[in-house]
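So for the sequence shown, UniProt numbering puts the first residue at 1; every next one is plus one. We put the CB at the ideal spot given by N, CA and C, even for glycine. Take a look at the structure below.
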Amino acid sequence: MRIRIEEASAHAGAEVEIRGWLYHKRSSGSIHFLLVRDGSGVIQAVMAKQEVSPSLFAAAADLTQESSLLVRGTVREDSRAPGGHELTVRDLQVVGLADPYPITPKEHGVEFLMDHRHLWLRSRRQHALMRIRAEVIRAATEFLDRHGYLRMDAPILTPAAVEGTTTLFETPYFDLGNAFLTQSGQLYNEAAASAFGRVYCFGPTFRAEKSKTRRHLTEFWMLEPEAAFMELDEYMEVAEAMICAVVGQVLDRRRLDLQEVERNLAALEAVQPPFPRLSYDEALNRLHAAGKPLPWGEDLGGDEETVISSAFQRPVFVHRYPAKCKAFYMQPDRDRPDVVLSADLLAPEGYGEIIGGGQRIHDLQLLQQRLREHHLPEHVYQWYLDLRRYGSVPHCGFGLGIERTVAWIAGIEHVREAIPFPRLMNRLYP
Ligand code: 4AD
Ligand code: MG
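Below you can see the structure in the form of structure tokens.
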């Protein structure tokens, strides 16, 4: 019977076939220990000289790392084996003998590994990271599904900017001039929220960001919920509950993967509500006290976020940023119009912003005025302005950056390992 390695424990004593690749090989004179991986796990296949034909035993001696193979044998319980089981080999068939494999157990530089990302993905650490990523996405979307948010995907090719015009990727678009790769599905989400009440979109988003930091990709995945009849405080409650659900589910279902990447689990277990909520002004006071003063009106950069987020054991909201450092659509605070009803969520342990969002302007005239102030061409936003003409309501939404969230939850240094094929300012290959 064909099984996947993760199912081995259910087949103790049975004859099975595993289809996979040779991860590692060790031989004593009379036994080959073949570590075989199939994507679901790794199992040790033990081939004893006296139990197979001489030609097979000799062929196994010549197997190279990452050769693909079919291996048949009996599953044996063995408490010393990784996963608690090993395979006693009866037969083995080579599907593809691999050339000498470039990634070896010795240390490689990060650029070398990035150039071989298509192969690097086969390593145990990358497996753990990709499984954690998949779980983050699953947990977050399941949370929104449970709470009545309808998935409504937004277009990638768009006629207008969302997050400022300096980070747009532009591409020729037939007779219509130029299109932009979307920076965020938010504006379309707002239309969808007026249609369905609560929605979310999930997909790749793009920023031609000239930043070579550990937090910046040029293509990243964003999960964006949007809800009509929602104000800032409720938005923060939703975001808080969603993050707690995501961290809890990853701890629950991906504990082995977190251990594989040596994550401090206690730090994740501390992610419990309520999260602290700091105003921008309070954040500035903290920066001042930490000897990193920031002039009022400037956006928090990576260094500032690190200072703020390192001070807490759990994620922290920073709300009510100055209007002048945020996007055109942000709703001003009624009592203090120079600040807006935005809130970013900063992840602890110095990771910084993983969520950006807030309350949107629902007043037509004010939105038109903001478009002018931001030098944005009103005619391409007509449909967006329509949302303020036909049943406008206070509404909120936010964007969760998947790679930054995965980097934080997995405890890794750089977002480039949190996505299968990272796109960076200086990397488009493979
Ligand atoms: O704060 P941002 O720019 O917010 C928006 O785009 C809103 N329109 C979202 C919304 O309200 N629907 O981006 C949201 C999140 C950030 O908090 C961060 O996690 C991630 O997207 N992000 C990036 N991740 C990787 N590389 C980049 N260059 C990123 N820029 C933003
Ligand atoms: Mg932001």
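{"Asked": "What are the start and end residues of the alpha helix (DSSP H) that includes residue 399?", "Found": "Per DSSP, residue 399 belongs to no alpha helix (DSSP H); it is in the beta strand (DSSP E), 395 to 401."}
{"Asked": "Please indicate yes or no: does the CB of residue 399 lie closer than 7 Å to some heavy atom of the ligand 4AD?", "Found": "yes"}
{"Asked": "Rounded to whole angstroms, what is the Cα-Cα separation between residue 179 and residue 402?", "Found": "25 Å"}
{"Asked": "CB residue 129 to CB residue 410, shorter than 8 Å?", "Found": "yes"}
{"Asked": "What's the C-alpha gap between residue 93 and residue 48?", "Found": "16 Å"}
{"Asked": "When the Cα of residue 204 is compared with those of 245, 243, 226 and 157, which residue comes out closest?", "Found": "157"}
{"Asked": "Which one of 74, 418 and 198 has the shortest CA to CA distance from residue 261?", "Found": "418"}
{"Asked": "When DSSP labels each residue in this structure, what does residue 228 get in the three-state scheme?", "Found": "strand"}
{"Asked": "For the ligand 4AD, any of its heavy atoms closer than 7 Å to the Cβ of residue 217?", "Found": "yes"}
{"Asked": "Where do the N-terminal and C-terminal ends of the beta strand (DSSP E) with residue 356 fall, by residue?", "Found": "352 to 360"}
{"Asked": "Report yes if the C-beta distance between residue 246 and residue 140 is below 8 Å; otherwise report no.", "Found": "yes"}
{"Asked": "Given residue 91, which residues of its chain have a CB within under 6 Å of its CB, disregarding the five upstream and five downstream residues?", "Found": "72"}
{"Asked": "Could you compute how far the alpha carbon of residue 325 sits from the alpha carbon of residue 350?", "Found": "22 Å"}
{"Asked": "Does DSSP put residue 158 in a helix, a strand or coil?", "Found": "strand"}
{"Asked": "For chain B, is any of its Cβ atoms less than 8 Å away from the one on residue 203?", "Found": "As a matter of chain content, chain B is missing from the structure shown, which is built from one protein chain."}
{"Asked": "If you run the structure through DSSP and keep just helix, strand and coil, what is residue 236?", "Found": "helix"}
{"Asked": "Is the stretch 249 to 258 touching the stretch 116 to 134 in the sense that three or more CB pairs, one from each, lie closer than 8 Å?", "Found": "yes"}
{"Asked": "Give the straight-line distance between the Cα atoms of residue 25 and residue 54, rounded to the nearest whole angstrom.", "Found": "18 Å"}
{"Asked": "Can you tell me whether residue 112 is buried or exposed, with buried defined as 16 or more other CB within 10 angstroms of its CB?", "Found": "exposed"}
{"Asked": "Just reading off the beta strand (DSSP E) that residue 73 is part of, what are its end residues?", "Found": "68 to 77"}
{"Asked": "Alpha carbon to alpha carbon, how far is residue 118 from residue 236?", "Found": "38 Å"}
{"Asked": "So is residue 344 buried or exposed if we call it buried at 16+ other beta carbons inside 10 Å?", "Found": "buried"}
{"Asked": "Per the contact definition of three or more C-beta pairs closer than 8 Å, is the stretch 180 to 187 in contact with the stretch 196 to 210?", "Found": "yes"}
{"Asked": "Using C-beta distances below 7 Å, list every residue in its chain close to residue 231, excluding the 5 sequence neighbours before and after it, in chain order.", "Found": "359, 394 and 396"}
{"Asked": "Using only the heavy atoms of the ligand 4AD, determine whether one of them is closer than 7 Å to the beta carbon of residue 207.", "Found": "yes"}
{"Asked": "Please state the DSSP three-state secondary structure of residue 383.", "Found": "helix"}
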